[in-house]
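Chemist: Submitted below is the structure of interest, expressed as structure tokens.
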Amino acid sequence: MSGIRLRAYLWLLMMLGVIGMCTLQFYHQSPLQTNLLSLLPATERNPVAEEAVTRLANIAGNRAIFLIGHTSTETAKLAANAFASSLEQSNAFHQVIANIPAIDPKQLVEVYVDHRFHLLTEGDRHLLMNEQTDLDARLQKKLYVPFQFGLTVPIADDPFGFLDNWIGHLPLRSLKLEPEDGMLLVRNIEPHGVSHQSTEKTWVFISAELDGSAYDNIVQNHVVSAVLKAKEALWKTSPEAEILYTGTVFYADDARVNAEREIDFIGIGSLVGMLALLYFVFRSVRPLALGLLSVAFGIGAAVAFTISMYGQIHLITLVFGASLIGEAIDYPIQYFAAHLGAGKDWAPMSGLKRITPGLTIALVTSLLGYSALMFAPFPALSQIGLFALVGLSAAWISVFLLLPALLVKPNTRDPEAAVAKPKLLLTWWKTHMGKRECYVVVIMILAIALPGWLQLTSNDDVRLLIAKPSALVTQEEKIRELTGIGNESQFFLIEGATVDAVLLHEEMLTQRLAPLIQKAEISGYQGISSFLPSLGTQKKNYALWANKVFDDKNALQTTLTHAGLHEEVSEQLINTFETSAKQPLLLEDWLKSPIANTAKNLWLGKTDQGFAAIGLPRNIRNTETMKLLAEKIEGVTFVDKAGSTSQLLQNYRQWGGFWLLGVITLIYLALVVRYRWTQAAVVLTPAVLAIVLTFGMFGHFHIPLSLFHLMALMLVLGVGVNYAIFLREGGAYAAASLSGVLLSAGTTLLSFGLLAFTSMPALSSFGLTLLLGVGIAVLLAPMVMSFEAKHG
Amino acid sequence: MSQRIINSMLALFVACLCIQPLNASESEMLNRIGEQLEQYPVIRAEFIQTKQMLALKRPLVSTGQLTYSRSHGVLWQIHQPYRVSYVLGEEDIVEIDANGVQKVRSVREVPGLAQVGRVFRAMLGANTAALRTYFDVALEGAPDEWKVALVPRQPQLAKALSTIQLEGSQFVDAIVIHETGGDVATIRFKHVQGVSALNASESQLFGVAP
């Protein structure tokens, strides 16, 4: 007797430990991880590329972008200013920028004017090399061209317009936004719906920097309410103003709100359902309480362990964890069923001993199934795997430690009456389903499944992992269309051992991309060598200046004075040319200059392997072309995070078949330990048939297969086999065992069924597969009874 | 004591009136000038542009023909000292040399050109509303003989131009542009006529159907 008490106290100790750990972990700082990007695996073999992806994502991630649109430019500007000040007043943002300091063309000139003899555009280089340009004509043109009042480099510095061209060709304006009146705006002609009249709308751009991480729920709440208030305030004064916004913070908030709602929905749904079913079968409150305690211990231990292993727990794990409730209860249910079936002859420890083999094997097979997840390349999936392993093990331990102490008194209900209905089912099965009928069922299943197999399709899109709400996506697309802000997850990574090597490689890339821009494969490209040529190129430029412009100093003087310039101008020009011979434009100077941050962000800096920069192509038509191009140039890689992830998903899915076979073999071997070869096969068959049929049904219903469906099938195996095990272990208490099995199935199917309704496509594929698979496995489980080996 | 206060307040009040860039009657006059010009969708004139540049010993003179179309933009055909035409639209600037060879450049290739281009078109078409958003306008004279001084309000524009003076009677007769670098461009118009449509060659140069 004291042994039972001791066990119970041990359990209590462990439970207190779990509670303590959880309190500690949640007390300091919420260990909840909501960052969607952390779900993605490291896909890039080059760690610098992975780092670049994170860096770009962070730069973009802490910004929210707003566009305020109105048919009248004046109203749009006023509205934008009002909106920006509401946002500022809310203190939800670190900085709200509606009034930008205009790109001062004179500052731009300052950056390059001292080095102008080392600079030439590609076009001018070509013209000079082939003697196709007439200096006289260029000078004339610069003097007489109309409209460019005050906009060109002073004639004394740049008489032939080479520096004007250089500055004009800088890819600064990658955005379609125009500075006007201190604000950035874009004008767009939009068709006006029914009347088919097009109206011009002016959109004003506002950029806001967050006061913290986009994944911090306090920041999210603050931002969302600030935006709502600002919108309402704006619509009161200008009801026809249109407001568009986008930013990581909005997506993150949406994901978090949905996840929290689903945790509640699934968790409470599972709990309530489980309690209701437990009561329906056992007609007593005690199993409910004990069941709750076991499940609580299981989930609590899982949370505590996961956080201590990973330092944090992802929301996606919690959503899945909520559905684990239905499965964790399976172990206590077996004990309750044994208690129900034993009636007056109940002794806690002997009851426990009787169900131990079955319970242990069931745990082992489930663990084998879940450990398959731990080998997935996705951090989120391996976290889910660990969570489930610990959770189920802890629930299992509760059966051994806690339950005997609290379920000492025998059941007062008459065992026969309690299991009357399951007994009916049993007798029906035993009379109608012999070996032959089972074989017929197997053949029928194969006949249905096989045609379905032939119709299987697949879907490896990374969007399975991160679903975006369409309302936000529409706004994001419209903003991209209006402003030309690109997609930050597709870019070129250029590396080199030295700074100049990077610039050289980038120049090669720019050259190769030029014809592609002509063919509209991409609409534009922004690379660092357009702002800062390599030393080699600068030297070439200087040589051209020397040979084609300054070769005959007298001729130069004549040209200039002929056009009316003072003599001093040509002298000054020649002097400056000669003194700047050893002064090419260098990276340090360029970085210090007041050039736009968008350009400076192209330079990544020093890495473990040398130096790196990024190049941003716009409107890529075909990512394959980009990839192939990058492969041909030294030091250049094309990074496409979304594409790489989809590729990874596909690779793993293709290997998934072998993986599944591997898990089947492992589980079979575990079963052999207990049941020997033939019987182990019998026990495993319902679960395997369930997998076969589930595959078939996916084919018939045109549900495309993804990696997540495959992973879920491994779970179907691990969980589905439990029911066959419990039935096989039932023995003399077969009816009670059956009621336990039906109850377990009920709670498990309820939980996974609820999971099928989440908004996260990965998890809902999980849930759907588990629902189908486990359901079929339960229906087929009684077959083990038809194939029982005859004992002596 | 109180009389002094009242006097000083009156003086302040009057002073405020004077500081105001445009009062009601000036505004009306500006509108009337604008309306005079607005009746004509196309305005043709001969121009003579004189540029006084600090780097040059003598001023630069060019002459030619200007056609301003409210809907298509500005056609600037230089005849002397050499033949070249420019078409300035909202998005592009097209250069057409003596042989008819066209070179199209985006207005964005010169930082700030989009705005200055808009300002120029607003001046030629006497688009008073646009002028008032870009400049502080000071007007003197009468609708049949007026002078306008424009000072840029927007920082981007102010970096290129310091002031612009317009003179006109029925149409704009002269534009004087003071650049911040110190250069001054004076454009005088002769034989200005307002018509209702472009002629054939103009249509061709603008790239529109006649």
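Protein sequences appear in the order of chains A and B.
Just so we're aligned: 628 in my numbering is position 628 of the first sequence, and the numbers increase by one with no gaps anywhere.
Just so we're aligned: 1166 in my numbering is position 166 of the second sequence, and the numbers increase by one with no gaps anywhere.
Using N, Cα and C, we set each Cβ at its ideal position, and we do this for glycine too.
(1) Smallest Cα separation from S1203 (chain B): which of B:Q1080, B:I1177, B:G1073 and B:E1026?
(2) Would you mind telling me which residues of chain B sit closer than 8 Å to H566 (chain A), beta carbon to beta carbon, in chain order?
(3) Considering only their Cβ atoms, is the gap separating G291 (chain A) from P357 (chain A) smaller than 8 Å?
(4) Could you please tell me which residues of the region 1111-1131 of chain B, in chain order, have their CB closer than 8 Å to any CB of chain A?
(5) Might you give, ordered along the chain, the residues of its own chain that have their beta carbon closer than 6 Å to the beta carbon of D640 (chain A), omitting 5 neighbours on each side?
(6) With DSSP run on the structure shown, which of helix, strand or coil describes V1014 (chain B)?
(7) List the endpoints of the continuous alpha helix (DSSP H) containing Q650 (chain A).
(8) Taking R1105 (chain B) as the reference, give the member of B:V1116, B:D1092 and B:P1111 with the closest Cα.
(9) Measure from the C-beta of G484 (chain A) to each C-beta in chain B and report whether the shortest distance is under 8 Å.
(10) Mind checking who H70 (chain A) pairs with in its DSSP beta bridge?
(11) Which of the three DSSP states, helix, strand or coil, is assigned to E240 (chain A)?
(12) What does I155 (chain A) reach in chain B if we use C-beta pairs closer than 7 Å?
(13) Using the C-alpha atoms, what's the distance from P584 (chain A) back to K553 (chain A)?
(14) Going residue by residue through the region 97-141 of chain A, where are the continuous beta strand (DSSP E) segments of at least 3 residues, counting only ones entirely within it?
(15) Excluding the 5 residues preceding and the 5 following E578 (chain A) in the sequence, name in chain order all residues of the same chain whose CB lies nearer than 6 Å to its CB.
(16) Strictly under 8 Å for the Cβ-Cβ distance: is G527 (chain A) near chain B by that measure?
(17) So what does P1211 (chain B) bridge to, in DSSP terms?
(18) Note down the Cα distance separating P1021 (chain B) from V1137 (chain B), rounded to an integer number of angstroms.
(19) Looking at the C-beta of Q1154 (chain B), does it have a partner C-beta in chain A at a distance below 8 Å?
(20) Check each candidate in A:I620, A:A543 and A:W603 and name the one with the smallest Cα separation from L516 (chain A).
(21) Relative to the alpha-carbon of M15 (chain A), which residue among A:A395, A:E88 and A:E190 has its alpha-carbon at the smallest distance?
(22) Taking C-beta pairs closer than 7 Å, name the residues in chain A that A1185 (chain B) reaches, listed in chain order.
(23) Alpha carbon to alpha carbon, what distance is there between A405 (chain A) and A8 (chain A)?
(24) Kindly indicate which three-state DSSP category T561 (chain A) falls into: helix, strand or coil?
(25) Please determine whether the Cβ atom of N651 (chain A) lies at a distance below 7 Å from any heavy atom of the ligand NAD.
(26) From the DSSP output, in three-state form, read off P726 (chain A) for me.
(27) Alpha carbon to alpha carbon, what distance is there between I1043 (chain B) and V1195 (chain B)?
(28) Among A:P159, A:T645 and A:D551, which residue has its Cα nearest to the Cα of P377 (chain A)?
(29) Any beta-carbon of chain B closer than 8 Å to the one on V569 (chain A)?
(30) Using 10 angstroms around the beta-carbon of M349 (chain A), count the other beta-carbons present and answer buried if the total reaches 16, otherwise exposed.
(31) Give the DSSP bridge partners of D460 (chain A), in chain order.
(32) Can you pull the chain A neighbours of A1160 (chain B), defined as C-beta to C-beta under 8 Å?
(33) Which same chain residues end up closer than 6 Å to A1174 (chain B) when comparing Cβ atoms and leaving out the 5 residues on each side of it in sequence?
(34) Ignore the nearest five residues each way along the sequence and tell me which others in G796 (chain A)'s own chain have a CB closer than 8 Å to its CB.
(35) Give me the Cα-Cα distance between V778 (chain A) and S225 (chain A), rounded to the nearest whole angstrom.
(36) Shorter than 8 Å from the beta carbon of Y1068 (chain B) to some beta carbon of chain A?
Modeler: For this structure:
(1) On the second sequence, residue 1203 (chain B) is found 203 positions in, with the first residue counted as 1. B:G1073 is the residue among B:Q1080, B:I1177, B:G1073 and B:E1026 whose C-alpha sits nearest the C-alpha of S1203 (chain B).
(2) By one-based count along the first sequence, residue 566 (chain A) stands at place 566. Ordered by position in chain B, the residues that pass the 8 Å Cβ test against H566 (chain A) are A1055, L1056 and K1057.
(3) Within the first sequence, the letter at position 357 stands for residue 357 (chain A). Within the first sequence, the letter at position 291 stands for residue 291 (chain A). No, the pair does not count as a contact, with Cβ atoms beyond the cut-off.
(4) Flagged, chain order: P1111, G1112, L1113, A1114, Q1115, V1116, G1117 and F1120.
(5) What you label residue 640 (chain A) is simply residue 640 of the first sequence in a count that begins at 1. Closer than 6 Å at the Cβ level, and outside the excluded window around D640 (chain A), lie Q490 and T623.
(6) Working through the second sequence from its first residue, we reach residue 1014 (chain B) at position 14. In this predicted model, V1014 (chain B) has a pLDDT of only 46, less than 50, meaning its place in the structure is not dependable enough to derive any value.
(7) Residue numbering aside, residue 650 (chain A) sits at position 650 when the first sequence is read from its first letter. According to the DSSP assignment, Q650 (chain A) belongs to the alpha helix (DSSP H) that extends over K641 to H700.
(8) On the second sequence, residue 1105 (chain B) is found 105 positions in, with the first residue counted as 1. Per the Cα distances, B:D1092.
(9) Counting from one through the first sequence, the residue named residue 484 (chain A) turns up at place 484. Residue-level contact by beta carbon fails for G484 (chain A) and chain B, as no gap is shorter than 8 Å.
(10) Here residue 70 (chain A) refers to the residue found at position 70 when the first sequence is read from its first residue. In the DSSP output, where bridge partners are listed per residue, H70 (chain A) has A:T202.
(11) The sequence position of residue 240 (chain A) within the first sequence is 240, counting from 1. It is coil, neither helix nor strand.
(12) Here the question's residue 155 (chain A) lines up with position 155 in the first sequence. Ordered by position in chain B, the residues that pass the 7 Å Cβ test against I155 (chain A) are M1053 and A1055.
(13) Translated into positions along the first sequence, residue 553 (chain A) becomes position 553. Translated into positions along the first sequence, residue 584 (chain A) becomes position 584. Taking the straight line joining both Cα atoms gives about 22 Å.
(14) Counting whole runs of 3 or more residues, the region 97-141 of chain A contains no beta strand (DSSP E) stretch at all.
(15) What you label residue 578 (chain A) is simply residue 578 of the first sequence in a count that begins at 1. Cβ-Cβ distances below 6 Å link E578 (chain A) to nothing in the same chain once the five nearest sequence neighbours on each side are left out.
(16) Start at 1 with the first residue of the first sequence, and residue 527 (chain A) comes out as number 527. False, the Cβ-Cβ gap to chain B never drops below 8 Å.
(17) It is not possible to answer for residue 1211 (chain B), since the shown part of chain B is limited to 1001 through 1210.
(18) One-based indexing of the second sequence puts residue 1021 (chain B) at position 21. One-based indexing of the second sequence puts residue 1137 (chain B) at position 137. Unreliable placement is indicated for P1021 (chain B), whose pLDDT of 48 sits below 50; the coordinate value is still reported in the next sentence. Our two residues, P1021 (chain B) and V1137 (chain B), have alpha carbons roughly 6 Å apart in a direct line.
(19) As a first step, residue 1154 (chain B) must be located in the second sequence, where it is residue number 154. Answer yes: the Cβ-Cβ gap between Q1154 (chain B) and chain A drops below 8 Å somewhere.
(20) Counted from its first residue, the first sequence places residue 516 (chain A) at position 516. Selected option, being the one with the closest Cα: A:I620.
(21) The residue given as residue 15 (chain A) occupies position 15 in the first sequence. Ranked by how close their Cα comes to the Cα of M15 (chain A), the residues A:A395, A:E88 and A:E190 have A:A395 in first place.
(22) Here residue 1185 (chain B) refers to the residue found at position 185 of the second sequence. Close to A1185 (chain B), with beta-carbon spacing below 7 Å, are these residues of chain A in chain order: F149.
(23) Along the first sequence, read from residue 1 onward, the residue named residue 8 (chain A) stands at position 8. Along the first sequence, read from residue 1 onward, the residue named residue 405 (chain A) stands at position 405. The alpha-carbon of A8 (chain A) is positioned some 6 Å away from that of A405 (chain A).
(24) By one-based count along the first sequence, residue 561 (chain A) stands at place 561. Assignment of T561 (chain A) by DSSP, reduced to helix, strand and coil, places it in the helix class.
(25) This structure lacks the ligand NAD; in fact it carries no ligand of any kind.
(26) The residue given as residue 726 (chain A) occupies position 726 in the first sequence. Note that residue 726 (chain A) corresponds to Phe in the displayed sequence, not to Pro. Note: F726 (chain A) maps to helix in three-state DSSP.
(27) As a working mapping, residue 1195 (chain B) is identified with position 195 in the second sequence. As a working mapping, residue 1043 (chain B) is identified with position 43 in the second sequence. Cα-Cα distance, rounded: 6 Å.
(28) Taking the first sequence and counting its residues from 1, one reaches residue 377 (chain A) at position 377. Of A:P159, A:T645 and A:D551, the residue nearest in Cα terms is A:T645.
(29) The count along the first sequence starts at 1 and reaches residue 569 (chain A) at position 569. Closer than 8 Å to some Cβ of chain B, the Cβ of V569 (chain A) qualifies, so yes.
(30) For the purposes of this step, residue 349 (chain A) is identified with residue 349 of the first sequence, where counting begins at 1. Exposed.
(31) Locating residue 460 (chain A) in the first sequence gives position 460, where the first residue counts as 1. None, per the DSSP bridge assignment.
(32) Taking the second sequence and counting its residues from 1, the one referred to as residue 1160 (chain B) is at position 160. Those are P105, F149, G150 and L151, listed as they occur along chain A.
(33) Within the second sequence, residue 1174 (chain B) is the residue found at index 174, counting from 1. Cβ-Cβ distances below 6 Å link A1174 (chain B) to E1167 and R1188 in the same chain, with the five nearest sequence neighbours on each side left out; the list follows chain order.
(34) Residue 796 (chain A) is absent from the structure shown; chain A starts at 1 and stops at 792.
(35) Start at 1 with the first residue of the first sequence, and residue 778 (chain A) comes out as number 778. Start at 1 with the first residue of the first sequence, and residue 225 (chain A) comes out as number 225. So the two alpha carbons sit approximately 48 Å from each other.
(36) Within the second sequence, numbered from 1, the residue matching residue 1068 (chain B) stands at position 68. So no, Y1068 (chain B) is outside the interface.
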